[in-house]
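A.B. asks: Before I ask anything, let me first share the structure, which is written out below as structure tokens.
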Amino acid sequence: MEVTLLLEATENAFRIIERAREHALGLLDTAVQFTAEETHYEDQKRVHALFAGAQRRKTRFQNMVGTTVIMFGFWLLLSGIFDAFHLTLGFLCSALVGVLFHDLLFSNVRVGDMRVVAGRFIAYIPWLIEQIVLANIHVASLVIRPRMPIDPKVITFKSKLETDVSFVTLANSITLTPGTITMDIKDGVYYVHALSKKVADDLNTGEMEDRVAHIFMEADHLYVQDVLDAARLYQAMRI
Amino acid sequence: MPGHAPIIVVVIPLISSFLCPLIGKLNRQWAYFWAVFSLSLSALAAMRTLWTVITAGTIHYRLGGWLPPFGIEYVVDHLNGMMLVLVTMIALMVAIYSRRSVEKEIADRTVYFYTVFLLQATGFLGIVITGDLFNLYVFLEIASLAGYALIAVGEDGAPVATFRYIVMGTIGACFYLLGVGYIYIVTGSLNMADVHKLLPSLYHSRVVLTAVAFLLSGLAVKMALFPVHVWLPDAYTRAPSSASALIAPLMTKISLYVMVRVLFSVFVPRLSFELLPIGRIMVWAGVVAILAGAVMALAQKDFKRMLCYIVVAEVGYVVGGVGLANQTAIKGAILHILNDAVMTVGLFSVAGIVVYKTGRHRLVDFKGLFAKMPFTMSAFVVGALSIIGVPPTCGFFSKWYLLQGAIIAGQWAFVVALLVSSLVSVIIFFRVIEIGFGFHGLQDEETEHEANAPMSMDEAPLSMLVPTLTIATAILLIGLYNQRIISGLIAFAVPRL
Amino acid sequence: MIRDSDDVIVKTLARLLMPFIVGFALYVLMHGHHSPGGGFQGGVILAAGFVLLCVSFGLQWTQRWMTRKTAELFSSIGVFIYGGIGVLCLILGGNYLDYGRLSRVLGVDVAEARSLGILGVEIGVALAVMAVMCTLFFMIFTAVDESGGQGGEQ
Amino acid sequence: MILPFDLILVLFVYICAVAALTTRDLLSAVMILGAYSYFMCLLWTEMAAVDVAFTEASVSAGIGTILCIGAISKTKRRSND
Amino acid sequence: MFDYIISYYNYWMYAGLMMIGFYGMMAKRNLIKKIIGMNVFQSSIIFFYISSSVKRGGVTVPIIKHVAGAHGSHGVDVMQYANPLPHVLMLTAIVVMVATLGVALAVAILIYRRYHTLEEDEIILCMRKG
Amino acid sequence: MKFLSLITVLLVGVALVYGTLGMPRWGDPNSPAATHVSPYYLEHSMHDTATPNVVTSVLADYRGYDTLGETSVIFTAGMSCILLLRKRRKHKEEDHV
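These protein sequence lines are chains D, C, Y, G, R and V, in that order. Oh and the first sequence: position 36 is 36 in this note's numbering, straight run, nothing missing. Oh and the second sequence: position 419 is 419 in this note's numbering, straight run, nothing missing. Oh and the third sequence: position 138 is 138 in this note's numbering, straight run, nothing missing. Oh and the fourth sequence: position 46 is 46 in this note's numbering, straight run, nothing missing. Oh and the fifth sequence: position 101 is 101 in this note's numbering, straight run, nothing missing. Oh and the sixth sequence: position 86 is 86 in this note's numbering, straight run, nothing missing.
See the structure below:
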């Protein structure tokens, strides 16, 4: 039991180290480019960094095929006419979208296994709906009372999420839940407007964040510390 | 494809305007030649169409092959055919003429200028040729939008004038659309001939009355009839010279043509002149427009602005002439549409040459131009004589018919207005000619030291001069052959009253 | 000049939505025969997609797909497709825009040929509308203040 | 043609039209104009003109509003009336 | 009386809307406001046309219900569908509307470049000055 | 100015309402608009063009030329916008002195 845990941990540790190395290389790259050129291409560079991930992981062709397949599914969902002519048109159109926008849909998805992500995402939706219903009742009960015991304030917390998609999922989940609105995300720090103390507390427990992290297979903070320890151990052993 | 000549007239400038930016990408100079080429093809097709009309009668062309009330139909009769040739020829002349002035005034955007220029010509042609009320609106909008753009690239202050034009023009076009809607809701058809057939049973309906009112007031805005002419002088004064040479003669005349078409082909003259007091209103509007235009023209110190007010007055001639509602007057009015377009384009191209040479268009800038540019100024004299109405030029004959018509109808106010405006034109143009010869004793400080400079020939470039002289010749030719034009073309257009 | 926004939410959502917007626009365009929609709507939705990219990622980045020159080119080509189909009908011996004549080339019966003609025309319209809308957007949003003063106060 | 629904929509259209013309902040005016177009589009859907409603929603409420915003961002935002 | 109002109120509604737009176009001094008025004005005309296409009694969208694959006239009940012609005309009018909007905005930007204001009276003052 | 435009607007409004009073009732299925031309489109659209959406078939086929014009309007607007707002290249205005 512990052995498997340890093995898993080491594996994870390897991945983290690998990623750190990549990150460092990327940083180095950026730094080199920064010094090489003058500064005013900063914007462009940030955008490039946003899309750099996918092009390394997956080849363009795979992206194109993936986008085409998704678009074709979308088309079938919309169309409702299934004769050969319209299917051909649909295929051509989705292929066009695939060729043109291959690097938009898949850029920056950190983990390759889309099936797992999709499954977990679908599993996440009922929980979110439940939360929304609960929060709805809460906010309604607040508003109905004549005194309106609301206590609006802005809370900030630093998120441990890593990719943009998970940032956005969390932000939108927060916004969807009544009583809380994400105002801004700056460098991983969320600025959330909360209507009352209870919703703020709910948010601060971090359950939603954990679940979102779980969807996108990012570091689960249940055992992240263990993994880091194991990594240190492993590095010491290798040296 | 001789049977397809009517559509070719419109489609050639349309498609070449689509291709114009692409050709301009290859070489900026080619846009000019492309515009001239396509407009000359279009002019050939227009002449061919006119010839077919003269020999074989009215042409009906079904677009898309659909029967008329269901599809759109092109109907070319004598009036249309004449207008088609007029529009294509003027557009061609102005296109040839425009090269140097465009290079001087909007040097960096010639390609787009010619694209919009072609679209403008297409809009005019589409309005003239169509036999469908809504199709007319669409092409009216093409012409208006292109006109806004062409005017707004002009000199300082042009955008403000254009904005006023946009507001007024939109009101005009929307009123027209509203009138069409009122007609549609009681007849269920948009085809002019079909509406013409369906309407007589409805003539006592209030809807038709309102429709007539809205159609005519919308068109009045577009044709710059007197109280709603306020957009015109500023816009045409500040437009680039080749744009004003295209738009100033044609836009108002096309609207006048549409008015004639609406009164005679959509409604029948019986409605227009007997059941409703439209005729009387139009005569008085014409009188007021003529007098106001003449007086305002007298007060101007700027040549182009003066021409603009003359255009306003000329619109009054045609509106009043149609309103007189007798054969002679309507013949004169339709002939005046033709004449006035030619005269105005001649004078505006002279103004363009003066702008090209001196950079300005005040009256003072004409000082000594007879010595410098004899050919240009002879063209100017021909145009001026024609506006005044001196016999061998075309302006005389249309005024003559209008005068006769007014006397027949017993509208003495209109007679007086015609005579007064002729008198005012004499004053205006002789003042200009006086300045041009240098007789005028005005000692402007700016021009004083120029006067000492030796007077030498400094004629306009050939590409500007040839079209201007051609137009001047055309003024004389139309004057000489006016009898044949009236008996061969215009007589067919005049309805039996 | 349009700068990209700093907001990661907007950026990511724009990135994810763009293919779907374009897919939907193409669907609207191609299914104009059977459901509401057609060339104009499709073209405008396409243009709206590019506008979305432009406001979230900035003009520079949008130019990977749509530059001002491309937009000009497409607006000419789109309208030319429409006019060209009409001329094709003329050449094939029909009246202008008589798509029934296309049946000689396409090898289907007249009604089908008209249907296909409509489709071709709609594609032309969509291209032109998309390109012109993008042009208008680019032109209005990149209009520079020539006389040196500060344009806009927000 | 459901009468109460129709009347409510027309009322909203009127409110939006008047508000768009009287608001002094041009950006708000333009946004209200977008809402106006949107209500118009609902009205036309209700009159069975789906194609027109679709076009209005995409053209007028979408691109038109964006163009207006662009023009305002290049010019002034305040108006005196 | 009530019946009479029911059968005409739509036309009056459009007339009122048109008056609002027309007034905005003429009386407002700000150019963007004029453009907004223009938009209202034009869309009121569209309102009028679309009103003319309605048929009382449960009409549907003019998309013919058909058996897939078969085409041919199979007794379409005309009263069942709304009148398609005004819809087509108004599609054109909407597009014209947005085209006019684009050009008007471009001209407004040009004016702002030159005079640094969008108020009509201030512009006229600027023009007088030089 | 405001007063004048108010008067004009009221006049136009009165004219509009005056015109509407003679119209067929709203939604009248027997009005000329509903019986003269448009039934043809509804009846023949499937037969002629194999297109169930009558609006599309009228737009692009029966009245296709209008649509060409309309596309040209859009094209004109685009070209006008370029013509007006394109950045001018610096070129010297040589005035004739």
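Cβ coordinates follow ideal geometry from the N, Cα and C atoms, glycine included.
With respect to the beta strand (DSSP E) encompassing aspartate 184 (chain D), which residues constitute its N-terminal and C-terminal limits?
C.D. replies: As a working mapping, residue 184 (chain D) is identified with position 184 in the first sequence. Counting along the chain, the beta strand (DSSP E) containing aspartate 184 (chain D) begins and ends at 180-186.
A.B. asks: Could one say the Cβ of valine 103 (chain R) lies closer than 8 Å to chain C's Cβ atoms, at least one of them?
C.D. replies: If you number the fifth sequence from 1, residue 103 (chain R) lands on position 103. Closer than 8 Å to some Cβ of chain C, the Cβ of valine 103 (chain R) qualifies, so yes.
A.B. asks: With a 10 Å radius around its C-beta and 16 neighbouring C-beta atoms as the bar for buried, classify glutamate 264 (chain D) as buried or exposed.
C.D. replies: Absent from the model: residue 264 (chain D). The displayed extent of chain D is 1 to 239, so no value can be given.
A.B. asks: In chain Y, what lies closer than 9 Å to serine 141 (chain D) by C-beta?
C.D. replies: Within the first sequence, residue 141 (chain D) is the residue found at index 141, counting from 1. Neighbours of serine 141 (chain D) on chain Y: none; closest Cβ ~29 Å, over 9 Å.
A.B. asks: Kindly give me the distance between the Cβ atoms of alanine 46 (chain C) and threonine 88 (chain C), rounded to whole angstroms, as I take these residues to be in contact under 8 Å.
C.D. replies: In the second sequence, the residue the question calls residue 46 (chain C) occupies position 46. In the second sequence, the residue the question calls residue 88 (chain C) occupies position 88. Their Cβ separation, rounded to whole angstroms, is 4 Å, which keeps alanine 46 (chain C) and threonine 88 (chain C) in contact under 8 Å.
A.B. asks: Within 10 angstroms of its Cβ, does tryptophan 127 (chain D) collect 16 or more other Cβ (buried), or is it exposed?
C.D. replies: Position 127 of the first sequence holds residue 127 (chain D). It is exposed - the Cβ of tryptophan 127 (chain D) has fewer than 16 other Cβ atoms within 10 Å.
A.B. asks: Assign arginine 78 (chain G) to one of three DSSP states: helix, strand, or coil.
C.D. replies: In the fourth sequence, residue 78 (chain G) corresponds to position 78, counting from 1. If DSSP states are grouped into helix, strand and coil, arginine 78 (chain G) belongs with the strands.
A.B. asks: Using a 10 Å radius around the Cβ and a threshold of 16 neighbouring Cβ atoms, would you call tryptophan 412 (chain C) buried or exposed?
C.D. replies: In the second sequence, the residue the question calls residue 412 (chain C) occupies position 412. Per the 10 Å Cβ criterion, exposed.
A.B. asks: Using 8 Å as the threshold, is the C-beta distance between leucine 385 (chain C) and methionine 377 (chain C) below it?
C.D. replies: Locating residue 385 (chain C) in the second sequence gives position 385, where the first residue counts as 1. Locating residue 377 (chain C) in the second sequence gives position 377, where the first residue counts as 1. Result no, Cβ atoms of leucine 385 (chain C) and methionine 377 (chain C) do not sit closer than 8 Å.
A.B. asks: Judging by CA-CA distance, which residue of R:Trp12, R:Ile63, R:Gly37 is the nearest neighbour of serine 52 (chain R)?
C.D. replies: As a first step, residue 52 (chain R) must be located in the fifth sequence, where it is residue number 52. Among R:Trp12, R:Ile63, R:Gly37, the Cα nearest to that of serine 52 (chain R) is on R:Trp12.
A.B. asks: Within its chain, find whatever has a CB closer than 8 Å to the CB of valine 132 (chain R); leave out the 5 residues flanking it on each side and keep chain order.
C.D. replies: In the structure displayed, chain R extends from 1 to 130; residue 132 (chain R) sits before or after that span and is not available.
A.B. asks: For serine 52 (chain R), go through chain V and note every residue whose CB falls closer than 7 Å to its CB, in chain order.
C.D. replies: Numbered from its first residue, the fifth sequence carries residue 52 (chain R) at position 52. Within chain V, the residues near serine 52 (chain R) are Ala33.
A.B. asks: Valine 192 (chain D) and lysine 158 (chain D) look like a contact to me (Cβ under 8 Å); what is the Cβ gap, rounded to whole Å?
C.D. replies: For the purposes of this step, residue 192 (chain D) is identified with residue 192 of the first sequence, where counting begins at 1. For the purposes of this step, residue 158 (chain D) is identified with residue 158 of the first sequence, where counting begins at 1. Not really, about 12 Å apart at Cβ, beyond 8 Å.
A.B. asks: Please report the distance separating the alpha-carbon of valine 61 (chain R) from that of alanine 53 (chain G).
C.D. replies: In the fifth sequence, residue 61 (chain R) corresponds to position 61, counting from 1. In the fourth sequence, residue 53 (chain G) corresponds to position 53, counting from 1. Their backbone Cα atoms lie some 11 Å apart in a straight line.
A.B. asks: Leaving out five residues on either side along the sequence, give the residues of the same chain with a beta carbon under 6 Å from the beta carbon of tyrosine 165 (chain C).
C.D. replies: As a working note, residue 165 (chain C) is residue 165 in the second sequence. Around tyrosine 165 (chain C): Trp231, Ala235.
A.B. asks: Assess, as a yes-or-no matter, whether the segment 391-410 of chain C is touched by the segment 320-330 of chain C under the definition of 3 or more beta carbon pairs within less than 8 Å.
C.D. replies: With a cut-off of 8 Å, the segment 391-410 of chain C and the segment 320-330 of chain C count as touching, because enough Cβ pairs lie within range.
A.B. asks: Under a CB-based cut-off of 8 Å, is alanine 428 (chain C) close to chain R?
C.D. replies: Numbered from 1 along the second sequence, position 428 holds the residue referred to as residue 428 (chain C). For clarity, residue 428 (chain C) is isoleucine in the given sequence; the question names alanine instead. Taking Cβ atoms only, chain R never reaches closer than 8 Å to isoleucine 428 (chain C), which makes this a no.
A.B. asks: Bridge partners of isoleucine 59 (chain C), per DSSP?
C.D. replies: As a working note, residue 59 (chain C) is residue 59 in the second sequence. DSSP output for isoleucine 59 (chain C) lists C:Val76 as bridge partner(s).
A.B. asks: Can you pull the chain C neighbours of tyrosine 27 (chain Y), defined as C-beta to C-beta under 7 Å?
C.D. replies: To locate residue 27 (chain Y), count along the third sequence from 1; it is residue 27. Those within 7 Å of tyrosine 27 (chain Y) in chain C number zero; the least Cβ separation is about 27 Å.
A.B. asks: Would you say serine 38 (chain V) reaches chain Y, if we count a Cβ-Cβ gap shorter than 8 Å as a contact?
C.D. replies: As a working mapping, residue 38 (chain V) is identified with position 38 in the sixth sequence. No, serine 38 (chain V) does not count as interfacial toward chain Y.
A.B. asks: My output table needs one value for alanine 194 (chain D): the three-state DSSP class, helix, strand or coil.
C.D. replies: Numbered from its first residue, the first sequence carries residue 194 (chain D) at position 194. Residue state, collapsed to three classes: strand.
A.B. asks: Rounded to the nearest angstrom, what separates arginine 415 (chain C) and valine 381 (chain C) at their Cα positions?
C.D. replies: As a working note, residue 415 (chain C) is residue 415 in the second sequence. As a working note, residue 381 (chain C) is residue 381 in the second sequence. Reading off the sequence shown, one finds valine at residue 415 (chain C), where the question assumed arginine. Between valine 415 (chain C) and valine 381 (chain C), the C-alpha separation is close to 25 Å.
A.B. asks: Measure the Cβ-Cβ separation of threonine 56 (chain V) and glycine 38 (chain Y) and say whether it is below 8 Å.
C.D. replies: Here residue 56 (chain V) corresponds to residue number 56 of the sixth sequence, with the count starting at 1. Here residue 38 (chain Y) corresponds to residue number 38 of the third sequence, with the count starting at 1. Yes; because the gap between Cβ atoms is below 8 Å, this pair is in contact.
A.B. asks: Can you pull the chain V neighbours of glycine 71 (chain C), defined as C-beta to C-beta under 9 Å?
C.D. replies: By one-based count along the second sequence, residue 71 (chain C) stands at place 71. The answer, in chain order, is Asp61, Tyr62, Arg63, Gly64, Tyr65.
A.B. asks: The ligand FAD and methionine 64 (chain D): does the residue's C-beta get closer than 7 Å to at least one heavy atom of that ligand?
C.D. replies: The ligand FAD is absent from the structure shown, which contains no ligands of any kind.
A.B. asks: My understanding is that threonine 67 (chain D) touches leucine 105 (chain D), with C-beta atoms under 8 Å, so please give their C-beta distance in whole angstroms.
C.D. replies: Working through the first sequence from its first residue, we reach residue 67 (chain D) at position 67. Working through the first sequence from its first residue, we reach residue 105 (chain D) at position 105. The Cβ separation is near 5 Å, so the contact holds.
A.B. asks: Which of helix, strand or coil does DSSP assign to tyrosine 81 (chain R)?
C.D. replies: Position 81 of the fifth sequence, counted from the start, is the residue given in the question as residue 81 (chain R). It is a strand residue.
A.B. asks: Short of 7 Å Cβ to Cβ, which residues in the segment 73-97 of chain R face chain V?
C.D. replies: Those would be Ser73, Val76, Val78, Met79, Tyr81, Asn83, Pro84, Leu85, His87, Val88, Leu91, Thr92, Val95, Val96, in chain order.
A.B. asks: Only counting the same chain, and skipping five residues up and downstream in sequence, which positions put a Cβ closer than 7 Å to that of leucine 106 (chain Y)?
C.D. replies: Reading the third sequence from its first residue, position 106 is the one you call residue 106 (chain Y). Contacts found: Ala113, Leu116.
A.B. asks: Is there a C-beta anywhere in chain C that falls below 8 Å from the one on leucine 6 (chain V)?
C.D. replies: Counting from one through the sixth sequence, the residue named residue 6 (chain V) turns up at place 6. Output row for leucine 6 (chain V): interface = no.
A.B. asks: Please classify glycine 162 (chain C): does DSSP put it in a helix, a strand, or coil?
C.D. replies: Reading the second sequence from its first residue, position 162 is the one you call residue 162 (chain C). In the sequence as displayed, the identity of residue 162 (chain C) is threonine instead of glycine. In this structure, threonine 162 (chain C) counts as helix in the three-state DSSP scheme.
A.B. asks: With DSSP collapsed to three states, give me the class of lysine 301 (chain C).
C.D. replies: Along the second sequence, one-based indexing puts residue 301 (chain C) at 301. In this structure, lysine 301 (chain C) counts as coil in the three-state DSSP scheme.
A.B. asks: Give me the Cβ distance between phenylalanine 303 (chain C) and valine 354 (chain C), rounded to the nearest whole Å; I'm assuming they're in contact under 8 Å.
C.D. replies: In the second sequence, the residue the question calls residue 303 (chain C) occupies position 303. In the second sequence, the residue the question calls residue 354 (chain C) occupies position 354. At roughly 7 Å, the Cβ-Cβ gap stays under 8 Å, so phenylalanine 303 (chain C) and valine 354 (chain C) are in contact.
A.B. asks: Round the Cβ separation of asparagine 95 (chain Y) and glycine 64 (chain C) to the nearest angstrom and send it over; I've been treating them as touching at under 8 Å.
C.D. replies: Taking the first residue of the third sequence as 1, we reach residue 95 (chain Y) at position 95. Taking the first residue of the second sequence as 1, we reach residue 64 (chain C) at position 64. The pair is a contact, with the Cβ atoms about 6 Å apart (cut-off 8 Å).
A.B. asks: Please name the residue, chosen from R:Leu31, R:Met25, R:Met97, R:Lys55, that lies closest to threonine 35 (chain V) on a Cα-to-Cα basis.
C.D. replies: The residue labelled residue 35 (chain V) in the question sits at position 35 within the sixth sequence. Ranking R:Leu31, R:Met25, R:Met97, R:Lys55 by Cα distance to threonine 35 (chain V) puts R:Lys55 first.
A.B. asks: By how many angstroms is the C-alpha of serine 244 (chain C) removed from the C-alpha of threonine 468 (chain C)?
C.D. replies: Mapped onto the second sequence, residue 468 (chain C) falls at position 468. Mapped onto the second sequence, residue 244 (chain C) falls at position 244. Each residue's Cα considered, the two are about 14 Å apart.
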